[in-house]
Amino acid sequence: MKILPRHLLAILLIAGCGTKDPSPVGIDLVNLSGGEVVELLNVPSARTAPQLLDIFPSILGGTEEVLVGRMNGVEYTGVFRVEFAPTDFPGGDASTLVVDSLFVELRVLGGLVRGDLGNIIVSLPMESWSETRSFVDTTTFRAARFPRDILAEVTPTLADSTVRVPLPTSLLSDAIALGGRTPAVEFALSGAEGNDFLVVAGSRESSLTGKSPVLSAVYAGGAGSSVGTALDTYYADRLQEPQPGEVLLQTGILTGTTMKFELPSIPEASTVNVVELSFDFDFDRSFLTSLRLRIERLDVAGGDTTRTITSSNALNEQVVVPSGSTFLMNLDQLMFHGWMSGQQTNSGFSLTPIFEITPDLRYEWGLFSNPRLRIVYSLPPASGS
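With our numbering applied, the sequence shown corresponds to residues 253 to 637, in that order.
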């Protein structure tokens, strides 16, 4: 804890007003206060807990990207369909061809490979699907069952922003046997268990030249075929909670957090001027441009430890953009004043991402750790001053 001279604190707050804008009201109250000003630094959280919320039934088949991998307890599965025409085969006839090798190339968008590229599960969809399917059960808002037959666990390679995934040759051989002159190949790709990586690749709708997936086959004798996808989409499923000490804030696979800080007591006449929440930000395990967060006070009714969030407690919403290795946001001073002065019970608060329906709909998330507070408050003037 530091006691700051009032004139120095005013200088510090004014200097920090540029982009963070702690609270103009709070600054005025500091200047008007007649008492000492106290700054608490790095107040650690006493408790954090994940809020595993609904999975939003997003239609992702029309987006410009496909996500494949497994990260932060969530599995991302890309689903693909490739349709061959007779002219795609050497000599215009597939019936006599022997498939020596088969692979799909995923063109990475903007260098977006998170984590260390690991093994991929190749599976065969066992029921029909489309680009307009959400893969979410809208009665439970959990991932819907999408049966797949696992064919192989393979090791992809990454070179020149292209992830090459080897596929079982039986995918094309069986399709030729069933489809005659116009076979179709369907397959799904997801991260293997024990891996923690994400590939963000262009979909067939990608507006960037050369970024759509391509399936390539090499036949006995050396001839080959390369065909783009006719359909592609992806979906996600939550497999486990974040690891202890991790704070995951995610849209789509909606995940928030609750947290509580042990706070000092202050006189009721004190003024809480600034409350700044900081996290360490893990860029390599995040996929994030910005988050709109709802901040809500938690209530505990009648000693019941089940916490309920009421709409009247929606204190504010903020759009936050991580920069560098630290994530900063400001919290409601009145909420903390109520807790620190004893006027309200401190049961903690929640941070919940808001999933906005926009033309560039996408799943996004940030992974954070080490939540801590910076609190500035001013004591009431001493009696007789």
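Glycine included, every Cβ here is placed at the ideal spot set by N, Cα and C.
Cross-strand partners of residue i (DSSP beta bridge)
i, result
"Ala404", "Val374"
"Met511", "Thr300, Phe601"
"Arg626", "Glu528"
"Val320", "Val451"
"Leu410", "Val415"
"Ala440", "Val331, Ser375"
"Tyr615", "Answer is none; Tyr615 lacks a bridge partner."
"Glu357", "Arg416, Val466"
"Thr523", "Ser630"
"Ser477", "Ala469"
"Asp489", "Glu327"
Rounded Cβ spacing between residue i and residue j (contact assumed at less than 8 angstroms)
i, j, result
"Thr604", "Arg549", "About 12 angstroms separates the two Cβ atoms, so there is no contact after all."
Under the three-state DSSP convention, the category residue i falls into
i, result
"Gln585", "helix"
"Ala427", "helix"
"Asp484", "strand"
"Phe449", "strand"
"Ala422", "Per the sequence shown, residue 422 should be read as Ser rather than Ala. Residue state, collapsed to three classes: helix."
"Phe535", "helix"
"Gly314", "coil"
"Trp381", "coil"
"Gly497", "coil"
"Asp345", "coil"
"Thr339", "helix"
"Gly362", "strand"
"Gly325", "coil"
"Gly590", "helix"
"Val552", "coil"
"Arg544", "strand"
"Ile606", "coil"
"Thr578", "strand"
"Pro276", "In this predicted model, Pro276 has a pLDDT of only 34, less than 50, meaning its place in the structure is not dependable; the value taken from the coordinates is given anyway. Correct three-state label for Pro276: helix."
"Gln595", "coil"
"Val350", "coil"
"Ile505", "strand"
"Arg456", "coil"
"Asp368", "coil"
"Ile518", "coil"
"Ala396", "coil"
Residue nearest to residue i in terms of C-alpha spacing, selected from the options
i, options, result
"Leu625", "Phe607, Ala634, Thr578, Gly594", "Thr578"
"Ser347", "Tyr471, Ser538, Gly504, Glu498", "Tyr471"
"Thr421", "Pro302, Asp352, Leu361", "Asp352"
"Ile606", "Ala429, Ser380, Thr409, Tyr615", "Tyr615"
"Gln502", "Ala396, Val289, Pro302", "Pro302"
"Ile402", "Ser522, Ala427, Leu376, Leu410", "Leu376"
"Met323", "Ser542, Phe588, Asp536, Thr541", "Asp536"
"Gly480", "Leu506, Tyr328, Val356", "Val356"
"Ala634", "Pro309, Ser522, Met378, Ala469", "Ser522"
"Gln585", "Leu619, Gly314, Leu349, Ser630", "Ser630"
"Ile311", "Ala395, Thr510, Leu441, Phe588", "Ala395"
"Asp551", "Gly600, Asp534, Ser538, Phe393", "Gly600"
"Asp448", "Ser425, Ser382, Arg359, Ser538", "Ser538"
"Ala429", "Phe620, Thr391, Phe336", "Phe336"
Proximity test, residue i beta-carbon vs the ligand COA heavy atom, cut-off 7 angstroms
i, result
"Pro496", "Inclusion of the ligand COA in the displayed structure is not the case, the ligand content being empty and no account of it being possible."
Does the region 435-445 come within contact of the region 321-333, defined as at least 3 CB pairs closer than 8 angstroms? yes
Count Cβ pairs between the region 372-385 and the region 415-422 that sit closer than 8 angstroms; are there 3 or more? yes
Three CB pairs or more closer than 8 angstroms across the region 384-393 and the region 452-459: no
Is there contact between the region 577-593 and the region 514-533, where contact requires at least three CB pairs shorter than 8 angstroms? yes
Do the region 294-309 and the region 457-465 make contact, defined as three or more Cβ pairs closer than 8 angstroms? no
With contact counted as at least three CB pairs below 8 angstroms, one residue from each stretch, are the region 309-322 and the region 524-531 in contact? no
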